[in-house]
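Student: Read in my numbering, the first sequence has 1394 at position 227, and its numbers run on one by one without any break.
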Amino acid sequence: MRISKLLGERLKDAPANATSKSHIFLSRAGYIKQVANGIYTFMPPAERVSKKIQDIIREEMDAVGGQEVLFPVVMPRELWDLSGRYSSIGQELVRFKDRSNHDLVLGMTHEEAAVHAALGTIKSYEQLPFMIYQIQTKFRDEARARAGLIRVREFLMKDAYSFHATQQDLEEYYKTLYDTYFKIFHRMGLKNVIAVHSDSGMMGGKVADEFQLLTDIGEDTIVICPECDSASNIDVATSEMPENDHIFGVKQEVFTGEAKTIDEVCSNLNKRPNQIAKAVCYAVIGDENRVVIAFLRGDREVNEAKLKNLVGGEIAIKDLQDSGLVKGNIGCVDLNVPNAEIYFDRSLEGLESFVTGANKEGYHYQGVSITRDVKPEKFVDISKVAEGDRCPVCGAKLLVKNGIEIGNIFQLGTRYTQKMGLSVHMPDGSSINPIMGCYGIGIGRCLASIAEENCDEKGLVWPMSVAPWHIYLCPIRLDNPVVKEKAEWLYKKLTAENFEVLYDDRLTSAGVKFTDSELMGIPVRIEKKKKTIENGQVEITIRQTGEKLFVKEESLSKKLDEIIVY
RNA sequence: CGGCGUGUAGCGCAGUUUGGUAGCGCGCUUGUUUCGGGAGCAAGAGGUCGUGGGUUCAAAUCCCGCCACGCCGACCA
């Protein structure tokens, strides 16, 4: 490829709104161009990286028996009615009508399509197990796209679906895919990837793992045990909490005036947040009669995923002033709200001298004892794990980190096969619904994650396995006919030898060429100038290390074969 | 969906408070001298100032509506 013809430009300034390194460098180096909120064009270099990522995934998916298919982007409403998701999924699912007023959806995931593909053709247990996968565009109307390619609305995804006759078979295959995923990510050059237990969310099913790239810009929160290496998404993470001290106090009402928040109450009464019980109120979506009040220690935060599972419905934070509650003075003593479901977090267990609202304007109680004054029937786990809690497996102190979810795997069970009526005959004559697993990898997220992890102050540093081109051919003083002739000859020669070459055929200065090659992150730079031509040498610079090599021209190809390995 | 912010040339920005002929840097074109780390000089091209309405002799600037983009939150296979 001649850079003079390459679509896209290298910029000195990043778009003002870019914050993450991947967003800044991918924009500056001409890899991506934003079209709308969360919607990007992959310019030629990015598309080349994307294809290499896809090829790695294809190889590995084929190696575990995958059959590549291509599901439609647009599906009829009826297909999604079968699974019940046409109505159960919110606004992320784009619904629209065609010219004959027929309801359609844009594919955001393809369980329905996968089962549909098997319907009618899969009849016997002998056809199981099998796995089908596709690499295709998904559209999800995210409430909020952000950070360049990290969180977008339209994106390329590899999604795979496996069908099994027994749970054991699914579990074995799930383990295979688990290992395959690590292989895939490592081949892409990603280093800091861990698997974490996760919530299955709208997919349904019980067992699910996410593959997270650990990075500060990640928007997922992960709880990791540094000792036994167990890790979970904070949505499902549990912990052993340090015990409260069981010291009893004397209950009394105190005037706290305008103090409402934890901080205000703390400074007003000279307490610490872990000596306060706070209330968080929720409405149950779709059921106006139900309200939920969660009490937890002041230094803890509600884990809404856990609470949602307990409540058994979608919840949303709500002011309950209508029910007679005084915001900022809600307390668990003498609380009287008729239809409220009250949950006590385990962080309150053993807390025998704490502050809580007095359920009237301007007053709190202090010295409240949970066992003497409140007497909850039970304590439940509805708070987020905090750094310093103990690992439930080994007891070590847990760490809380951020990650980008680049892949996930689910044991779906029979939810879809059952609802959509896919069944097979078993040896004993009975029929069963095949048990499904599904397995996703976000291509664009991988690309951005690789960029995020592989860059320096000068720009991107692509791992060899996914670099858009391996070689940046960089002739200096192209106005010199000798250099020009030699560079053109070398470009043709290397290309003919199947090296991937980006040829800087511009008449610009050496500085501009060096800077661009570094910004674009091409792993190997070959410099050619009059002097090295005269003594039959070429100069090679390695992007990652900055190392320089001088090689005889006749041994260049051999040297490049040694350098370009992955 | 809520809070806040921003929209002026391909990119980054000033100008808006206090209304008066549309500006700067980078990039681009031409010429020239340079040229192994984002060159110098000279001459150019490029904008209905997001959009619709209003106020005014006069609006990028003031007022109202809308749209888009971003940040924080809510949400998220």
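Quick reminder that beta carbons are idealized off the backbone N, C-alpha and C, glycines included. These numbers come from a predicted model, not from an experiment.
Secondary structure at Y1348, three-state DSSP: helix, strand or coil?
Tutor: DSSP, reduced to helix, strand and coil, places Y1348 within a helical segment of the structure shown.
Student: Could you check how far apart the C-beta atoms of M1228 and L1174 are, in whole angstroms? I think they sit under 8 angstroms.
Tutor: About 31 angstroms separates the two Cβ atoms, so there is no contact after all.
Student: Can you tell me whether K1698 is helix, strand or coil according to DSSP?
Tutor: helix
Student: Taking only runs that begin and end inside the stretch 1247-1274, name each unbroken alpha helix (DSSP H) of 4 or more residues, in chain order.
Tutor: 1252-1255
Student: What does C1613 pair with, by DSSP beta-bridge criteria?
Tutor: DSSP lists no partner for C1613.
Student: Within 10 Å of its beta-carbon, does Q1379 have 16 or more other beta-carbons around it, so buried, or fewer, so exposed?
Tutor: buried
Student: So, using beta-carbon positions, are L1657 and K1695 closer together than 8 angstroms?
Tutor: Cβ atoms of L1657 and K1695: closer than 8 angstroms.
Student: Is it right to say N1575 is buried, meaning 16 or more other beta carbons lie within 10 angstroms of its own, or is it exposed?
Tutor: buried
Student: Return the chain-ordered ranges of every beta strand (DSSP E) run that is complete within the stretch 1333-1421 and spans a minimum of 3 residues.
Tutor: 1360-1364, 1375-1381, 1387-1391, 1398-1400
Student: Going by DSSP, what residue range makes up the beta strand (DSSP E) through Q1585?
Tutor: No beta strand (DSSP E) holds Q1585; the alpha helix (DSSP H) holding it covers 1582-1586.
Student: Would you mind giving the Cβ-Cβ distance between T1523 and C1499, rounded to the nearest angstrom? I have them listed as a contact below 8 angstroms.
Tutor: 5 angstroms
Student: What does DSSP give as the partner residue(s) for R1710 in the beta ladder?
Tutor: None, per the DSSP bridge assignment.
Student: In the DSSP assignment, what are the bridge partners of K1564?
Tutor: R1557
Student: Output the distance between the C-alpha atoms of N1437 and L1614, rounded to the nearest integer angstrom.
Tutor: 50 angstroms
Student: Figure out for me which residue from E1620, G1465, E1572, K1325 has the closest Cα to the Cα of Q1221.
Tutor: K1325
Student: What's the call for L1565, buried or exposed, on a 16-neighbour Cβ count within 10 Å?
Tutor: buried
Student: From A1183 to G1611, what does the alpha carbon distance come to, in whole angstroms?
Tutor: 22 angstroms
Student: For the beta strand (DSSP E) holding M1242, just list the boundary residues, first then last.
Tutor: 1241-1243
Student: Going by C-alpha to C-alpha distance, which of V1236, G1570, K1219 sits closest to M1298?
Tutor: V1236
Student: Does the Cβ-Cβ distance between K1445 and L1474 come in under 8 angstroms?
Tutor: no
Student: Based on Cα-Cα distance, which residue from R1169, V1458, A1181, Y1345 lies nearest to G1626?
Tutor: A1181
Student: Whole alpha helix (DSSP H) runs in the stretch 1628-1678 with 4 or more residues, listed along the chain?
Tutor: 1648-1663
Student: Using a 10 Å radius around the Cβ and a threshold of 16 neighbouring Cβ atoms, would you call A1525 buried or exposed?
Tutor: Label assigned to A1525: buried.
Student: Should V1363 and N1411 be called a contact, given that it needs their Cβ atoms to be closer than 8 angstroms?
Tutor: no
Student: Thinking R1692 and T1708 are a contact (beta carbons under 8 angstroms), I'd like their distance in whole angstroms, please.
Tutor: 4 angstroms
Student: Measure the alpha-carbon distance for N1204 versus G1529 and round it to whole angstroms.
Tutor: Rounded to the nearest angstrom, the two C-alpha atoms are 45 angstroms apart.
Student: Kindly list the residues whose CB is nearer than 6 angstroms to the CB of V1216, restricted to its own chain and excluding five residues on each side of it in sequence; keep chain order.
Tutor: L1614, V1633, P1635
Student: Threshold first: 3 residues or longer. Then list the beta strand (DSSP E) segments lying entirely within the stretch 1511-1549, N to C.
Tutor: 1521-1524, 1530-1535
Student: Buried or exposed for K1304, please, with buried defined as at least 16 other CB atoms from any protein chain shown within 10 angstroms of its CB.
Tutor: Note that residue 1304 is Thr in the sequence shown, not Lys. Flag for T1304 reads exposed.
Student: Measure the Cβ-Cβ separation of E1619 and I1389 and say whether it is below 8 angstroms.
Tutor: No, the pair does not count as a contact, with Cβ atoms beyond the cut-off.
Student: Given this structure, state the Cα-to-Cα distance separating W1247 from E1279, to the nearest angstrom.
Tutor: 7 angstroms
Student: So, using beta-carbon positions, are F1511 and P1543 closer together than 8 angstroms?
Tutor: yes
Student: Going along the chain, which residues of its own chain have a beta-carbon closer than 7 angstroms to the beta-carbon of D1308, five neighbours each way excluded?
Tutor: Q1258, E1259, V1261, R1320
Student: So who's on the other strand from E1321, going by DSSP bridges?
Tutor: In the DSSP output, where bridge partners are listed per residue, E1321 has F1306.
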